Every structure is written in C-alpha cells, then in structure tokens.
Amino acid sequence: MISRERCRAAAARVRRTAAAEDGQTLLLGVGLVAVVAALILALASASAVYLDLKTLTSLADSAAAAAADAIDDASYFAGDSTTAGPGTLSAVGVRAAAAADLAGQPVELTGVQITEAASPDGATAVVTLTAHSQPPFLPWGVIPAAGFTITATGTARATTNM
C-alpha cells in the first residue's frame with residue numbers, strides 16, 4: 025500500500041514540474057504567430073513584384089505592337105519590302121512609336137524607361153522596358169531601399185497579307 029506521505033510527495037513533484045512549464049506554451053504560440061506573419065508578408069511582397077513584372081510585360085507588348093504598326097511611310101511608298109510585306113521598320117520609328125504608346129498608357133510603375141527599341145530585320149519591332157519595383161512589406165534594412173529593377177521585352181511583327 026502506498027503511504028499518504030508518498031502520495032503527497034508525488035503530488036508536490038507533479039505540481040513543481042507543472043509550475044516549471046508555465047509560460048512555455050505562450051512563448052511557443054507567439055513565435056509561431058511571428059513566423060506565420062513573416063511568411064504571409066513575404067508572400068504578399070513576392071506577389072507585388074510578380075504583378076509589377078506582369079504590368080511591365082503588358083506595357084512592353086503594347087509598345088511593341090504600336091511600333092510594329094509604325095512602318096516608315098517613305099519606305100512603304102518607295103516600294104521597299106521585307107519578307108513580311110511592303111515597307112520597313114526603322115529604329116527611329118520604332119523608338120518614337122514605342123515612346124508615344126508608353127506615354128498614352130496609365131503607368132503605375134516607377135522609373136519606366138525604354139532601354140531598347142529596334143527592328144533587327146525591318147519587319148519585327150523589339151521593345152525592352154525597365155522599371156523599379158519596391159515590395160511593400162519587406163524590411164528595407166535588409167533589402168536595398170531602391171527595390172528591384174525588373175525588365176520586360178515585347179516583340180511584334182508587322183505583316184501584310186499579300
């Protein structure tokens with residue numbers, strides 16, 4: 025049979041062990057909430073950069089399509105032709121048409137610039153844009169304050185059915 029003193033001693037040991045664990049669960053819960061919040065904010069910041077890249081890609085495609093539509097009138101009426109049809113694209117015309125299209129777009133990005141606007145074969149317009157993307161929730165002491173430089177290239181070909 026177990027004596028009363030042994031039962032009391034065992035109960036006292038159980039109480040001391042339980043008292044030593046007080047506060048550990050709260051600390052674990054606070055740590056878990058901090059890790060989950062950091063992951064959610066990092067995911068939101070990565071999504072913001074991705075959406076900025078998709079916006080810049082859309083702008084580059086629009087500028088390239090406008091540039092492909094800007095066939096040089098002099099070469100068209102002079103009878104110059106490429107494998108795609110009459111008229112050729114010039115680098116100056118491609119850059120001017122891309123800049124005009126970009127000026128007419130509702131740009132929500134900062135620092136959008138045309139880094140390349142050319143026509144390698146006289147029928148294809150290639151427009152490359154760069155911009156700055158600054159995610160909203162990342163700690164700027166760790167990541168450069170200027171954010172990230174993103175680049176997108178759009179290509180369009182001017183063709184006529186002959």
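Everything in the sequence shown is counted per the numbering used here, starting at 25 for the first residue and increasing by one.
Where is the CB? At the ideal position from N, CA and C, for every residue including glycine.
Keep in mind the model is a prediction, meaning the values are calculated, not measured.
Just the C-alpha distance for residue i and residue j, rounded to the nearest angstrom, thanks.
i	j	result
Pro144	Val150	8 Å
Leu50	Ala61	16 Å
Leu65	Leu83	27 Å
Ala13	Glu132	Residue 13 is absent from the model: the chain starts at 25 and stops at 186.
Arg30	Val54	38 Å
Val118	Ala176	16 Å
Can you tell me the Cβ-Cβ gap for residue i and residue j, rounded? I've got them flagged as a contact below 8 Å.
i	j	result
Ser157	Asp85	Between Asp85 and Ser157 the Cβ distance is about 18 Å, and since that is not below 8 Å, they are no contact.
Over what stretch of residues does the beta strand (DSSP E) that includes residue i continue unbroken?
i	result
Ala176	172-181
Leu83	Run containing Leu83: none in the beta strand (DSSP E); it sits in the alpha helix (DSSP H), 48-92.
Ser157	148-157
Thr139	134-142
Only counting the same chain, and skipping five residues up and downstream in sequence, which positions put a Cβ closer than 6 Å to that of residue i?
i	result
Ala121	Ala90, Ala91, Ala94
At what residues does the alpha helix (DSSP H) containing residue i begin and finish?
i	result
Val118	115-127
Nearest to residue i by CA position, among the options, is which residue?
i	options	result
Phe172	Thr179, Pro159, Thr183, Arg181	Pro159
Ile174	Thr81, Gln129, Val118	Thr81
Ala182	Phe161, Ser114, Ala123, Thr139	Ser114
I want to check one thing, is the minimum distance from the CB of residue i to the heavy atoms of the ligand ATP below 8 Å?
i	result
Val57	The ligand ATP is not among the ligands present in this structure, which contains no ligands whatsoever.
Excluding the five sequence neighbours on either side, which residues of its own chain have a C-beta within less than 7 Å of the C-beta of residue i, listed in chain order?
i	result
Asp125	Ser86, Ala87, Ala90
Excluding the five sequence neighbours on either side, which residues of its own chain have a C-beta within less than 8 Å of the C-beta of residue i, listed in chain order?
i	result
Ala70	Pro159
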